[in-house]
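J.: In the working numbering, the protein residues as written are 2 to 180.
All residues carry an ideal CB built from backbone N, CA and C; glycine is no exception.
There's a structure below that I have some questions on.
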Amino acid sequence: MAQGVVIRRERAADRPAIAEVVRAAFVRHPDEVALFVERIRASDEYIPELALVAEDSSGVIAHVMLSWVGVEGGSRPRILKLTPMSVRPDRQRVGVGTRLIRDALGRVEEAGEPAVFVEGIPGYYPRFGFEPAIPLGFVSPDPDIPDEAYMVKRLPGFSPELAGRIVYPAFFDVLSPPG
Ligand SMILES: CC(C)(COP(=O)(O)OP(=O)(O)OC[C@H]1O[C@@H](n2cnc3c(N)ncnc32)[C@H](O)[C@@H]1OP(=O)(O)O)[C@@H](O)C(=O)NCCC(=O)NCCS
2 MAQGVVIRRE RAADRPAIAE VVRAAFVRHP DEVALFVERI RASDEYIPEL ALVAEDSSGV
62 IAHVMLSWVG VEGGSRPRIL KLTPMSVRPD RQRVGVGTRL IRDALGRVEE AGEPAVFVEG
122 IPGYYPRFGF EPAIPLGFVS PDPDIPDEAY MVKRLPGFSP ELAGRIVYPA FFDVLSPPG
């Protein structure tokens, strides 16, 4: 297990270290995802309280952000989306991602938000209680992406009326391919 790992909010001074972690984690499209992180920070959808790092004696080893995406036709106009999620390759598969996601979900629950949406690895997120979003009534933001990639974590306060068409902010276009 990951020893000596602290989870806390990102700070401005962390930004270069976070960019390195993001680039190393998304090695096939480092420029896109690093730019994506900057675009989230520069947007109205950024939530500083839900942009977190995991740190150990070697510095920043992982990073996650939750920010707003739109929902058309649902009872609320927006939902939290977890993206991107990056663990430095030399710290992968020792539980750091698990710690970071559990911590983030705890903060979301404390804030009283009823759900978190994710587009990600179908084999990874169900362990945190994420379940397929399309059967719950959410409509995919991109029909070219397999439906299994879209998952939702229901939290206290979730109601089926929250479901609707997910609409990503325009700056999501920097991701090519989506990730
Ligand atoms: C995917 C990622 C966030 C997981 O974080 P992590 O700290 O390595 O994962 P944890 O140690 O908490 O969990 C490990 C378990 O998760 C699963 N897992 C990890 N990476 C996985 C992957 N790419 N695909 C499927 N399952 C994966 C495995 O079951 C693994 O258990 P194992 O070691 O027994 O095989 C991390 O590997 C990463 O940053 N990858 C590159 C960027 C990325 O793909 N981000 C997510 C996009 S949705």
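1) Ligand 1 and Ser160: does any heavy atom of the ligand fall closer than 7 Å to the residue's C-beta?
2) Under the criterion of a Cβ to heavy atom distance below 7 Å, does Ser68 qualify as lining ligand 1?
3) Buried or exposed: Ser58, going by 16 or more other Cβ atoms within 10 Å of its Cβ?
4) Please classify Glu120: is it buried, with 16 or more other beta-carbons within 10 angstroms of its beta-carbon, or exposed?
5) In terms of residues, what are the limits of the alpha helix (DSSP H) holding Glu110?
6) Does DSSP put Glu56 in a helix, in a strand, or in coil?
7) Is there contact between the stretch 160-175 and the stretch 105-123, where contact requires at least three CB pairs shorter than 8 Å?
T.: The short version:
1) no
2) no
3) exposed
4) buried
5) Val97 to Glu111
6) strand
7) yes
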